[in-house]
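Data first, discussion second: the structure below is written as structure tokens.
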């Protein structure tokens, strides 16, 4: 049997797992065409994130702005389900990888999806502007559609807890500074602020940009597609998840429940009843 | 400080975690109002599943039919992502609970959601019939809508691999037998078979009911809402996941990849290139 | 290129994923050698679990006893991390499969491993008896070793909350009844009760068998190896996890935290401080 | 009821979730005592990781070295179970957060734990040196113990695939450069190289440092405890997991199995057999 013929099935298998991300042979690892040893020590961690997701290296400024967005959303405390889950899981006798997995697993549409929704919303407006609409016109038209057909939280605006989310104005300020230096266009910052202003007119009060809206601005400025913003948020929040898991694991609690140990929960169901059709419940 | 006042914060906490499923005090566990020791040995495992999800005990026949559906979908082999993941995870040094978690986690809309979609589809038709439509009319109208606006796999019909899914006719046969004895109405079996017949007329060839369509018939007959069919499928497939995880863990493989160890993957990306702006790649 | 030669790579790939559990070809699914349509409606759900894990069908009595153990441990309320996680995850916008995955993932050594530890402990004693020791002698010797070198919870004994775990005596009673009918030997029940008695003598007070100790008795009587008891516990607790996830999903909460929404958490860390080396913190 | 009395239960609940990581009140978020808006744009992403895990800000050089280690281990291709799982999960209809969770969940003792083991091994030697042993003496004594009582892979040495892991020498070179500038002591680099040399003498051939051994050197130099190196590896590999999940999700595959779609798996179990005690298998 010749080598060429032997390879046939193997080739099919290897094609089944094809990728444009990583190339390997013994002693060689290349990411997106770069030798790994050329990247190590030259590309910053955010630059590696960018390269892996986008295929090309970012400029140093682009990598910095990405790192700023990643660093801004690492934690929002143990009242967030993801962080609470991390802390409880850390007391159950599983590895720190599994603690982290249980926690990031809940960063779904409701807990982790707001940035993705915000960036999609901005993107709709950007498309309208590209098609000739004015900024205010495009924003107004999109909000009209929103308030007719969609639900009543405008993506990226408002916060249950913070009257002003302290992360958002700082992120916008930095985006503007990067735009002033030509790193990004500032277009998504314009869109977000126009949305904020239009909603304020409609509601009669300002509902300020939140962290999801602000990071969506940055990810949009940097050219990331909406679904990746969820992935980037997972990377970011993983840091807080790890920190809380670690802090918890340094304590001696076992099977930490949500409430103090001597508390229970309120039972609201059917009162006690015998098993049906049994005269002698104790058997 | 009086007892009543002390309780106030605790009560709020305990209400935050209220549930109608389980009641506990020291020495006492009640599920849906039944003492746990009265259930143990009297209610079969499927009956306990039913009680927990529905709040009331099923009849013995209802529990049997539920058990039949649960037993039918336990495994479809390691080409299914869930099973492959279980086997790979079992070689990575995590507990069997985490192996199972990684695997059931992927039983999403595409891998695990077909039963839910099928039962929703049947439910739309059932509602139309309740509103006065004939079986064939309701089926035809729903399929008209489907072929205009939705995607081209009719939920519950057809299988990539099996010309006839051997589980489906047997499950229908048993549903009919239970209907003949008055355990269920047979209504969802009628709907599923009418869909199959109508699609055959439209396509000119029979696209037979699959396991998802057939278990959806049973879950519908038994009165489970569509989203629970996904949960029941997870319970069912967990058995196969556990069996494969266990079989794999009895072998000595470490970090089992998807392809034989000496194979790689095809690289399709950018050819090798130097790190930009560096004359001396070794620094 | 001949067919035989073409198959070579494919064969390697197919052997890489070999299994003794399931055989498939178009239209055919066999589990452990049985046609799936022969199993459906004949083997109960616990019997299918047994077949998948052990390779052979159990007797009807064996399947019943397995079902009893599976049904006994389905829930212990939302103060258990697994159940709390299920309820929180259900409010975060992920599928019910992912809700269940996050929850079972934490059934690790501490939260889910007690049954496995108890059965290993019983197994050590059974081996000593097989080697000629008396029941009491083997138990005493194993406990001597335990109290010298291991930690101070005897596996399978005692409960933080229940003075007597109401599930345990009922499970032992049923095990004895099955033993009286010759379904099992009663040997692990003897061992567990001898441990309980010996520990009572040492401590001067009874520390009664708990659910983990009692289900370990049954799994041991039925011939399951210790690591599978964790897997069986996962199957069992998955029922409660699903029930709580479902109940929670019927409510409108979003991002349910562990404490009532208006509460926070106590902060115990470093007091507020300026970013180092900055004169103007606002930049 | 007075405010003080009302707070009592709430205080208990808030203490139950206490943390030294994050402090919040409406409009204010502080991480480890720093206002979040002071950190954003000033602390790099690796610096935020450090702050969250350690409680204090690193120097710029320390943050750089941490970033180097994080960037080095992002991917090792789809033959690694974690990456394969990410790609398969991405075809199953779950969110990217759940895709990532399924994948990082398997970074257990075998797949993700080598760095932790290596750093523990180095730490044993460091302790011996602190107690007065020479470098070579401490290494030799630890290896003696290893080859007597432990398993035959020395933590941090050797690679199944790479004769020389291209990441390791580059990481050591950079560690040495940082040590030369006084950022770190170089002590763990010494230990790792002494282990490599001693093993080469024992085996008669060099078994070179791998990525786990090299990143463990860096994490040790920077003062991270061994269990955190697993968490840091999870953060790092999450980048590759996200990149592969994203690439896969851009394709149209559904339920991607481990082998090409037309392949199956080899069945090695019991041959076909009838259901026992049934004369008419078809019933």
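Residue numbers (UniProt numbering), protein chains in the order written: chain P, 1 to 283; chain L, 1 to 283; chain S, 1 to 283; chain U, 1 to 283.
Glycine included, each C-beta is placed from N, C-alpha and C at the ideal position.
Remember, it's a predicted structure, so these values are computed and weren't measured experimentally.
Reference residue 101/P, options 230/U, 43/U, 39/U, 130/U, closest by Cα: Within the first chain, residue 101/P is the residue found at index 101, counting from 1. The option with the nearest alpha carbon to residue 101/P is 230/U.
Where the beta strand (DSSP E) through residue 98/L begins and ends: Your numbering for residue 98/L matches position 98 in the second chain. Looking at the DSSP string, residue 98/L is not in any beta strand (DSSP E); the run it does join, the alpha helix (DSSP H), is 96-104.
Rounded to whole angstroms, how far is the Cβ of residue 72/U from the Cβ of residue 171/U, which I believe are closer than 8 Å? For the purposes of this step, residue 72/U is identified with residue 72 of the fourth chain, where counting begins at 1. For the purposes of this step, residue 171/U is identified with residue 171 of the fourth chain, where counting begins at 1. Between residue 171/U and residue 72/U the Cβ distance is about 6 Å, and since that is below 8 Å, they are a contact.
Please list the partners that residue 24/P has in chain A, where partner means a Cβ-to-Cβ separation under 9 Å. The structure shown contains no chain A; its protein chains are P, L, S and U.
Flag this pair as yes or no: are the beta carbons of residue 195/L and residue 157/L separated by less than 8 Å? Position 195 of the second chain, counted from the start, is the residue given in the question as residue 195/L. Position 157 of the second chain, counted from the start, is the residue given in the question as residue 157/L. A contact, by the Cβ cut-off of 8 Å.
Report all residues from its chain with a CB closer than 8 Å to the CB of residue 147/L; omit the five preceding and five following residues, and keep chain order. Numbered from its first residue, the second chain carries residue 147/L at position 147. Excluding sequence neighbours, residue 147/L sits near 202.
Count the C-beta pairs between the stretch 63-78 of chain L and the stretch 89-107 of chain S that are closer than 8 Å, then say yes if the count reaches three, no if not. no
By the criterion of Cβ-Cβ separation under 8 Å, what are the contact partners of residue 14/P in chain L? Indexing the first chain from 1 puts residue 14/P at position 14. In chain order: 259, 263, 264, 265, 266.
In terms of residues, what are the limits of the beta strand (DSSP E) holding residue 28/L? Taking the first residue of the second chain as 1, we reach residue 28/L at position 28. Per DSSP, residue 28/L belongs to the beta strand (DSSP E) from 28-31.
Could you tell me whether any Cβ in chain P is nearer than 8 Å to the Cβ of residue 161/L? What you label residue 161/L is simply residue 161 of the second chain in a count that begins at 1. No, residue 161/L does not count as interfacial toward chain P.
Between the CA atoms of residue 32/S and residue 21/S - distance to the nearest angstrom: In the third chain, residue 21/S corresponds to position 21, counting from 1. In the third chain, residue 32/S corresponds to position 32, counting from 1. Approximately 5 Å, taken between the alpha carbons.
Could you compute how far the alpha carbon of residue 24/L sits from the alpha carbon of residue 265/U? Looking up residue 24/L in the second chain gives position 24. Looking up residue 265/U in the fourth chain gives position 265. Their backbone Cα atoms lie some 48 Å apart in a straight line.
Which of helix, strand or coil does DSSP assign to residue 205/S? Within the third chain, numbered from 1, the residue matching residue 205/S stands at position 205. Coil, per DSSP.
In chain U, what lies closer than 7 Å to residue 43/P by C-beta? Counting from 1 along the first chain, the entry for residue 43/P is found at position 43. 71, listed in chain order.
Could you give the distance in angstroms between the alpha-carbon of residue 241/S and the alpha-carbon of residue 91/L? For the purposes of this step, residue 241/S is taken as the residue at position 241 of the third chain. For the purposes of this step, residue 91/L is taken as the residue at position 91 of the second chain. Those two C-alpha atoms are separated by around 26 Å.
Would you call the stretch 217-232 of chain U and the stretch 251-269 of chain U touching, i.e. three or more CB-CB distances under 8 Å? no
Could you check how far apart the C-beta atoms of residue 19/P and residue 78/U are, in whole angstroms? I think they sit under 8 Å. By one-based count along the first chain, residue 19/P stands at place 19. By one-based count along the fourth chain, residue 78/U stands at place 78. Yes, they are in contact, since the Cβ atoms of residue 19/P and residue 78/U sit about 6 Å apart, within 8 Å.
In the stretch 102-122 of chain P, which residues sit with their C-beta less than 7 Å from some C-beta in chain L, listed in chain order? 105
Note down, in chain order, every chain P residue with its Cβ under 7 Å from the Cβ of residue 190/L. Along the second chain, one-based indexing puts residue 190/L at 190. Those do not exist, as residue 190/L stays about 31 Å from chain P at its closest Cβ, beyond 7 Å.
Looking at the unbroken alpha helix (DSSP H) that takes in residue 116/S, where does it start and where does it end? Looking up residue 116/S in the third chain gives position 116. Where residue 116/S is concerned, the enclosing alpha helix (DSSP H) stretches over 114-130.
Do we get a CB-CB distance below 8 Å when we pair residue 88/S with the residues of chain P? On the third chain, residue 88/S is found 88 positions in, with the first residue counted as 1. So yes, residue 88/S belongs to the interface.
Whose C-beta lies closer than 8 Å to the C-beta of residue 48/U among residues of the same chain, with five residues either side of it excluded? What you label residue 48/U is simply residue 48 of the fourth chain in a count that begins at 1. Cβ neighbours of residue 48/U beyond the five flanking positions: 31, 39.
Going by DSSP in three states, residue 273/P sits in which element: helix, strand or coil? Counting from one through the first chain, the residue named residue 273/P turns up at place 273. Strand, per DSSP.
Among 74/U, 85/U, 212/U, 12/U, which one has its Cα closest to the Cα of residue 113/U? Along the fourth chain, one-based indexing puts residue 113/U at 113. That would be 212/U, whose Cα lies nearest to the Cα of residue 113/U.
So if I threshold CB-CB distances at 7 Å, which residues from the stretch 170-185 of chain L count as touching chain S? 170, 171, 174
For residue 153/U, the three-state DSSP class (helix, strand or coil): Walking along the fourth chain from the start, residue 153/U turns up at place 153. In the structure shown, residue 153/U sits in coil (DSSP, three-state: anything other than H, G, I, E or B).
Check distances from the C-beta atoms of the stretch 229-240 of chain U to those of chain P and list, in chain order, the residues that come in under 7 Å. 230, 231, 234, 235, 238, 239, 240
Just the C-alpha distance for residue 173/L and residue 267/U, rounded to the nearest angstrom, thanks. Taking the first residue of the second chain as position 1, residue 173/L is located at position 173. Taking the first residue of the fourth chain as position 1, residue 267/U is located at position 267. Approximately 29 Å, taken between the alpha carbons.
Taking Cβ positions only, does residue 48/S come closer than 8 Å to chain L? Here residue 48/S refers to the residue found at position 48 when the third chain is read from its first residue. It does: the Cβ of residue 48/S has a partner Cβ on chain L nearer than 8 Å.
For residue 58/U, the nearest candidate out of 193/U, 12/U, 223/U, 186/U (CA to CA): The count along the fourth chain starts at 1 and reaches residue 58/U at position 58. The candidate whose alpha carbon is nearest that of residue 58/U is 223/U.
Just to confirm my understanding: we take residue 61/L, look at its own chain, exclude 5 residues before and 5 after, and list those with CB closer than 8 Å. What are they? For the purposes of this step, residue 61/L is taken as residue 61 along the second chain, with counting starting at 1. Contacts found: 178, 181, 183.
For the alpha helix (DSSP H) containing residue 221/U, list its first residue and its last residue. The residue labelled residue 221/U in the question sits at position 221 within the fourth chain. Start and end: 211-221.
Interface partners of residue 79/P on chain S, CB under 9 Å: Taking the first residue of the first chain as position 1, residue 79/P is located at position 79. Per Cβ cutoff of 9 Å: 255, 257, 258, 259, 261, 263, 264, 265.
Of all Cβ atoms in chain U, is any one closer than 8 Å to the Cβ of residue 242/S? The count along the third chain starts at 1 and reaches residue 242/S at position 242. No - not a single Cβ of chain U is within 8 Å of the one on residue 242/S.
Work out the CA separation of residue 263/P and residue 161/S for me, nearest whole Å. Taking the first residue of the third chain as 1, we reach residue 161/S at position 161. Taking the first residue of the first chain as 1, we reach residue 263/P at position 263. One C-alpha to the other measures close to 11 Å.
Just the C-alpha distance for residue 276/U and residue 17/S, rounded to the nearest angstrom, thanks. Within the fourth chain, the letter at position 276 stands for residue 276/U. Within the third chain, the letter at position 17 stands for residue 17/S. When rounded, the distance between both Cα atoms is 29 Å.
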